[in-house]
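Visitor: To start, I am sharing the structure in question, which I have written as structure tokens.
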Amino acid sequence: MRLKLIISYDGAPFLGWQNQLKGETVQGVIERAFFRIIGKRITVHGASRTDAGVHALAQCAHADIPERRMDLSDWRRALNANLPGAVRVSKVLQTTSSFHARFTSVGKIYRYRVWNSEVLPPLERGRVWHVPNFLDFRVLCSNATLFEGRHNFISFSVNGRRPDSTLRTLHAVRISRHSGGEVRLTFEGDGFLYKMVRVLAGTLIRLGQRREDIGQVARLLLGSSVERRKSLYIAPAQGLYLVRVLYGRKPKS
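Note that my numbering has the sequence shown beginning at 76, numbered continuously upward.
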């Protein structure tokens, strides 16, 4: 039987989603929870391999388990009873064998949180990127649409993983301002390269600080390897949240 899990987690205590040779991971603690319940090793497949320190509001995963007479709500309670407090399973659904959390996904939504105020509230430590200095909100909004559409994002990624293609489509890039100095950058796309969201967030913030040339950024979107900048500004991991994994029909570009 294949289970579909919707999971939220605080990424601070973990070395990311994917199992590592050393250190605690989100995948690892969920697989151990399954082992405690059924006494068998189960592989949990996640839709997004979030990096160390990155949070999730609704990560999606699936796992194949032996047939067992347990209600889905009982599965949720059993898993949460065996998970650390930093990880919660909000939904457990039965799905078909053709569903794959990663490979049947048609897109993802990420949110990046910036705190643009001199004083960072203590309860926001490890939850946002604190940018206390000048940030032009209007410049942020006017430049966000530059990244929308289908582009070669090779210059906005890190060479940690080698995909077959570096072409990606961003359906929407939204900027919003909230109380207390919070600025949210929301990215919806059909897929993202390694650390691409954090590089985009870092680039947008530097544009908002007028420390990056918009013409240079536009040229980088052409994807020329010759045009790659000497160094990437990667926004810190703690401000990034996986909001939702999208399934069903692909959105129209």
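Ideal Cβ positions, reconstructed from N, Cα and C, are used throughout, including at glycine.
(1) Measuring only the C-alpha atoms, how far is V223 from I250?
(2) Which runs of the alpha helix (DSSP H) spanning at least 4 residues fall entirely within the segment 83-120, listed in chain order?
(3) One question on the structure: do G277 and S192 come within less than 7 angstroms of each other, judged by their Cβ atoms?
(4) By the 10 Å Cβ neighbour count, where 16 or more other Cβ atoms means buried, how is L147 classified, buried or exposed?
(5) Helix, strand or coil for I140 per DSSP?
(6) Pull up the DSSP beta-bridge partners for I184, would you.
(7) Can you tell me where the alpha helix (DSSP H) with Q291 in it begins and where it stops?
(8) Out of H253, V203, L315, which has the shortest C-alpha to C-alpha gap to G91?
(9) Do you know whose CA, among T100, R319, G264, L279, lies nearest V162's CA?
(10) Just mark H130 as buried or exposed, buried being the case when its beta carbon has 16 or more other beta carbons within 10 Å.
(11) Taking the alpha-carbon positions, what's the S230 to I140 distance?
(12) Where does the unbroken beta strand (DSSP E) through N227 begin, and where does it stop?
(13) To the nearest angstrom, how far is it from the Cα of V301 to the Cα of S240?
(14) Let me know if I289 comes out buried or exposed under the rule of 16 or more other beta-carbons within 10 Å of its beta-carbon.
(15) Output the distance between the C-alpha atoms of F212 and R107, rounded to the nearest integer angstrom.
(16) Going by DSSP in three states, M76 sits in which element: helix, strand or coil?
(17) Which residues in the same chain as R124 place their Cβ atom closer than 6 angstroms to its Cβ, once the five residues preceding and following it in sequence are excluded?
(18) Note down, in chain order, each residue of its chain lying with its Cβ closer than 6 angstroms to the Cβ of S172, except the 5 sequence neighbours on either side.
(19) In angstroms with no decimal places, state the Cα-to-Cα distance between S328 and Q102.
(20) Under the three-state reduction of DSSP, which class applies to I309: helix, strand or coil?
(21) Under the DSSP definition of a beta bridge, which residues are partnered with K166?
(22) If we require 3 or more residues per run, which beta strand (DSSP E) segments fall completely within the segment 228-258?
(23) Leaving out five residues on either side along the sequence, give the residues of the same chain with a beta carbon under 7 angstroms from the beta carbon of V104.
Guide: Taking the structure as given:
(1) Before going further, note that residue 223 is Glu rather than Val in the sequence given. In this model, E223 and I250 are separated by some 13 angstroms (Cα to Cα).
(2) Counting only runs of 4 or more residues that sit fully inside the segment 83-120, the alpha helix (DSSP H) segments are 101-113, in chain order.
(3) Taking C-beta atoms as the reference points, G277 and S192 fail to come closer than 7 angstroms.
(4) With fewer than 16 Cβ atoms within 10 Å of its Cβ, L147 is classed as exposed.
(5) In the three-state reduction of the DSSP assignment, I140 falls in the coil class.
(6) E263, R319, per the DSSP bridge assignment.
(7) Note, Q291: alpha helix (DSSP H), 289-295.
(8) Checked all of H253, V203, L315; the closest Cα to G91 is L315.
(9) Relative to the Cα of V162, the nearest Cα in the group T100, R319, G264, L279 belongs to T100.
(10) It is buried - the Cβ of H130 has at least 16 other Cβ atoms within 10 Å.
(11) About 41 angstroms.
(12) 224-227 is the span of the beta strand (DSSP E), which, as asked, contains N227.
(13) Low per-residue confidence applies at V301: pLDDT is 45, beneath 50, and the placement is therefore not dependable enough to give any value.
(14) Per the 10 Å Cβ criterion, exposed.
(15) Cα to Cα, F212 sits roughly 45 angstroms from R107.
(16) M76: coil per DSSP, three-state reduction.
(17) The answer, listed in chain order, is W92, Q93.
(18) So the list reads R77, once near-sequence residues are dropped.
(19) Residue placement at S328 is flagged as unreliable, the pLDDT there being 47, under the threshold of 50; a coordinate-derived value is accordingly withheld.
(20) Coil.
(21) Paired residue(s): I81.
(22) Listed in chain order, the complete beta strand (DSSP E) runs (minimum 3 residues) inside the segment 228-258 are 242-252.
(23) L158, P159, V162.
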